[in-house]
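See below for the structure under consideration.
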Amino acid sequence: MEILNDLLNYLPAAIVAVGGLVVMMMDGYKAKSRLIYQTTMFFLAGALVIATYDLLYQEVGTLFSDMAASGSTAAFGTFIVVFGTFFTVILTHDYLIGVKHNYPQVYPLLMFCTVGMIVLATANDLVTVFIGLETMSISLYALAGIIRDKQLGVESALKYFILGAFSTGFFLYGIALLYGATGSTNLSEIGAYTDGSMIYWGGVSMLLVAFFFKISAVPFHMWTPDVYTGSPTTITAYMSTASKTAAIVALVLILERALPYAADQITSTMAIIAIMTMVLGNTVAMVQDNVKRMLAYSSIAHVGYLLVGLAAGTDLGFTAVLYYLLAYSLMNIGAFGVVAYYEKNHDVHFNNIESYAGLGYKQPLMGILLSVFLLSLAGIPPLAGFIGKYLVFAAAVEAGLINLVIIGVLASAASAYFYLRVMVYLYFKESKEPVKLMKPLRVYSFSLVVLAVLTLYFGILPAGITELIASYFSGNGLAIVP
Amino acid sequence: MFEEFFPIFVLIGISVFLAFVLMLISWLLGPSRPNAPKLRPYESGMDPIGDAKERYSISFYMVAMEFIVFDLEIVFIYPWAVRYQELGFGTFWAVMVFLTILTLGLFYTLKKESKNFSISKAKQV
Amino acid sequence: METFFFVFISTLAIGTALAMVISKNTVNSALFMVLHMLSVAGFYTLLNAQFLAVIQILVYAGAIMVLFLFVIMLLNLDEDEKVVSKIDFKQLISFTLALVVLAQLLYITGNYAGVLPELTGEPIAAVGTVEAIGDELFTTFLLPFEVTAILLTAAVVGAMLLAQKTSNVIDE
């Protein structure tokens, strides 16, 4: 039966969805928090295994009567999302116990959120994109507000919700206008349209605005610092990696399949937005004294680099973007993970850079891990972040966007300042008051070590994964040809 | 288009007309002998104290919110009910999956509601 | 006839939207919004999208407005607008009647000036009906349909998470 075959190809999402429901009912029947956590991990591990299998072996095609794509970018997006969620849940469990906000509802919400992200990353129809985006966003609105007895937590949830709902309006308008212009919501059928009317351009621009909001590109980034600062740190890691990955993979799919006709205009738009995002993200991050806020601005800056790859709009550009997403997920979850570890030993607002003074010697492993992740974020050579930036800028040079690359490289060089500043505080400053750090749980430090090792591995030997990604774009002939 | 919806317009017209006419008739024909006790808000009982607009407990809001969720469920089932004959048995399972997920959600809500908000707590605001 | 209906509903929609914004009493605002939703449902009917019209009334004018009123009552904003709410009913009727007259005036002037659009219900007859949506929703759009269930469940769980008492934290 066709439907069973489709379901088999969509197994990661199905497993996570069923897992979410199971975990939800366990919470309803008052299971122990630890058991709920273990069940969540069980389902996520299953999904991760299948997602890895799909990543390597799934055939390219469409599922559920063209509603979703399988193979290539879709499988890659699914893999990063499930992978990110897997580590997020490990870190979140420990962190939320540490800050005494361990609500059992967090686990089903994380699972449902993951379903939304997978649907978003594999979408082949604007309706599916919308439903995936909404499932993801609704869950994230709630997750952002877990720490509701602190003002920052409430602020973050409210800001995220109101602005997010507003951007969803833009997205719906975009879909409606595109449907009006082309008569379809299917990506390929929209791609077949070659008659630029005002309605078409209106739809394209609204769609892009909504996506720019979700990935927090300047000038649609206003919510990001506040939301990222107020949310629980591990959830921030989740928001800044998995949700951005899903949104950008969906954007790649849309650009590649639905909007080849608009490629030229999109290139110039992306280039302008990328410049603004890189410059603003990096400069504002320099003056931040709050580490979490600094990481929020740095995540804006990284979206800028990703947009450079999208601006290139070539096979090379998309390959670079997908690789960058993987590298970025690894190092950002890691960095936020260590920040969360420092935080849970004190209180939720233990983020000031002053209070990091001398922490590097207290728990040497954690200090080294944070250094690795920060160096990778800064783009220092043997780490994955460097390769990501290199690929993105190389793709842009290939596409002839020299000015863009010059600005990008300068911004990236400037970014080293605020990443290294944290390390200076970690190792070269004396702490004013004695700080006690508990030994981290073994599973906590182990998962961070795994992330760090992978960051190093993909930095030294990127060839395997980049070849895999490059094969997505050369084979199917759907790529944008300028 | 107007012809298709003519019965509906007639229905709306009649209901508005009836509403006015019934009020008018009772106003015209009904005997009106007011006295002080009759004009009080509660004819037999205590004098009302305070404002009629009181603050609600948040738990009622939760009920309203869940009402929306299950109201939306009806939205999706409605076209299925209309087209069930034509769509055949294949979509039956599709809708059953949909309903199962939402029913689980309902059970979860009931379990949680009973734990979080009892009526006695709700009264205290 | 459709053109008149269109002008009439448009005037009603714009008028009630304005009234909603201007009205001082929040409850009145909410009720004007109901009227606005109903006139939007009229547009859908005009576009031959009966399903959407039904949904508009069922969900927006029904459920969503209940939520609005709940919020208003939760916040319990009152005082200083009591004068308005006393003559509310008469005002409402006069306002609606004035809108009807305005709509007719607009229609007549528009007709005279020849700027009214030509409206017919024929070309998109098959898209918005309940039957058309039912045929597509459970076959072509099966995946979004099922994910919607997850979306709604996530909304329920999220509401539970945010509204529960802080004391329910499980420490381990």
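Protein chains in written order, with my numbering: chain A, 8 to 489; chain B, 6 to 130; chain C, 220 to 391. Every residue gets a Cβ at the ideal spot worked out from N, C-alpha and C, and that includes glycine. Quick caveat: nothing in here was measured; it's all calculated off a predicted structure.
Alpha carbon of residue i to alpha carbon of residue j, nearest angstrom
i: Ala357/A; j: Val96/A; result: Before going further, note that residue 357/A is Phe rather than Ala in the sequence given. Taking the straight line from one Cα to the other gives about 21 Å.
i: Asn377/A; j: Phe251/C; result: What sits at residue 377/A in the sequence shown is Leu, not Asn. The straight-line gap from Cα to Cα measures roughly 56 Å.
i: Leu194/A; j: Gly347/C; result: 22 Å
i: Gln323/C; j: Val291/A; result: 57 Å
i: Ala217/A; j: Gly176/A; result: 8 Å
i: Phe97/B; j: Ile10/A; result: 14 Å
i: Phe289/C; j: Gly139/A; result: 29 Å
i: Tyr424/A; j: Met293/A; result: 7 Å
i: Ile409/A; j: Ile375/A; result: 36 Å
i: Thr47/A; j: Phe94/A; result: 12 Å
i: Glu162/A; j: Arg155/A; result: 9 Å
i: Ala199/A; j: Ile182/A; result: 16 Å
i: Glu66/A; j: Ala402/A; result: 26 Å
i: Thr473/A; j: Lys443/A; result: 43 Å
i: Met373/A; j: Gly367/A; result: 7 Å
i: Phe400/A; j: Glu71/B; result: 49 Å
i: Asp271/A; j: Ala319/A; result: 10 Å
i: Leu231/C; j: Leu184/A; result: 25 Å
Listed by chain order, chain B residues near residue i by CB distance under 7 Å
i: Gly35/A; result: Phe112, Tyr113, Lys116, Lys117
Supposed contact pair residue j and residue i - C-beta distance, whole angstroms, cut 8 Å
i: Leu323/A; j: Glu263/A; result: The Cβ separation is near 13 Å, so there is no contact.
i: Leu433/A; j: Tyr363/A; result: 6 Å
i: Gly26/A; j: Thr252/A; result: Wrong, their Cβ atoms sit about 20 Å apart, outside the cutoff.
i: Val88/A; j: Ala249/A; result: 5 Å
i: Asp132/A; j: Asp73/A; result: 6 Å
Coil, strand or helix - residue i by DSSP
i: Ser248/C; result: helix
i: Asn131/A; result: coil
i: Lys128/B; result: Here the model assigns Lys128/B a pLDDT of 45, short of 50, so the residue's position is not dependable, and the following value carries that caveat. Looking at Lys128/B - three-state DSSP - the assignment turns out to be helix.
i: Gly415/A; result: helix
i: Ser77/A; result: strand
i: Ile375/A; result: helix
i: Gly320/A; result: coil
i: Thr358/C; result: coil
i: Asn410/A; result: helix
i: Gly68/A; result: strand
i: Asn339/A; result: helix
i: Val302/C; result: The predicted model places Val302/C with a pLDDT of 46, which falls under 50 and marks its position as unreliable; any figure quoted below should be read in that light. Correct three-state label for Val302/C: helix.
i: Asn352/A; result: coil
i: Asn12/A; result: helix
i: Thr230/C; result: helix
i: Asn297/A; result: strand
i: Leu237/C; result: helix
Identity of the residue in the options nearest residue i by Cα
i: Ala421/A; options: Gly386/A, Gly392/A, Glu437/A; result: Gly386/A
i: Ala82/A; options: Leu127/A, Tyr110/A, Tyr114/A; result: Leu127/A
i: Ile57/A; options: Tyr17/A, Leu42/A, Ser79/A, Ala308/A; result: Tyr17/A
i: Met124/A; options: Phe86/A, Leu103/A, Gly160/A, Asp101/A; result: Phe86/A
i: Gly344/A; options: Val259/A, Pro447/A, Ile360/A; result: Pro447/A
i: Glu365/C; options: Met28/B, Leu107/B, Val21/B; result: Leu107/B
i: Ala342/A; options: Thr243/A, Ala254/A, Pro267/A; result: Thr243/A
i: Ala224/A; options: Leu317/A, Thr240/A, Ile182/A; result: Leu317/A
i: Ser478/A; options: Gly374/A, Gly78/A, Ala292/A; result: Gly78/A
i: Val100/B; options: Pro363/C, Leu254/C, Val320/C; result: Pro363/C
i: Ile43/A; options: Pro111/A, Asp233/A, Val259/A; result: Pro111/A
i: Ala86/B; options: Leu293/C, Thr245/C, Ile352/C; result: Ile352/C
i: Leu293/C; options: Val349/C, Thr235/C, Thr245/C, Ile241/C; result: Thr245/C
i: His353/A; options: Lys37/A, Ala164/A, Pro441/A; result: Pro441/A
i: Leu214/A; options: Val136/A, Ser40/A, Lys37/A; result: Val136/A
i: Gly392/A; options: Ile145/A, Ile467/A, Glu350/A, Val412/A; result: Ile467/A
Interface partners of residue i on chain C, CB under 9 Å
i: Val100/B; result: Phe357, Phe364
i: Trp85/B; result: Gly353, Leu356, Phe357
Neighbour list for residue i in chain A, Cβ cutoff strictly below 9 Å
i: Thr372/C; result: Gly27, Leu28, Met31, Pro115, Phe119
i: Phe360/C; result: Phe71, Ser72, Met74, Asp132, Val134, Thr135
Chain-ordered neighbours of residue i on chain A, where CB pairs are closer than 8 Å
i: Thr367/C; result: Ile138
i: Leu381/C; result: Ala149, Gly152, Arg155, Ala164
i: Leu109/B; result: Leu28, Met31, Met32
Partners in chain C for residue i, counting only beta-carbon separations shorter than 7 Å
i: Ser146/A; result: Ala373, Gly377
i: Phe103/B; result: Phe364, Glu365, Ala368
8 Å Cβ cut-off: residues of chain B touching residue i
i: Ile283/C; result: Ile73
Contact list for residue i against chain A, beta-carbon separation under 7 Å
i: Leu77/B; result: Those do not exist, as Leu77/B stays about 12 Å from chain A at its closest Cβ, beyond 7 Å.
i: Ile106/B; result: Leu28
Amino acids of chain C, ordered along the chain, whose beta-carbon sits closer than 8 Å to that of residue i
i: Arg38/B; result: The contacting residues do not exist; Arg38/B stays about 24 Å from chain C at best.
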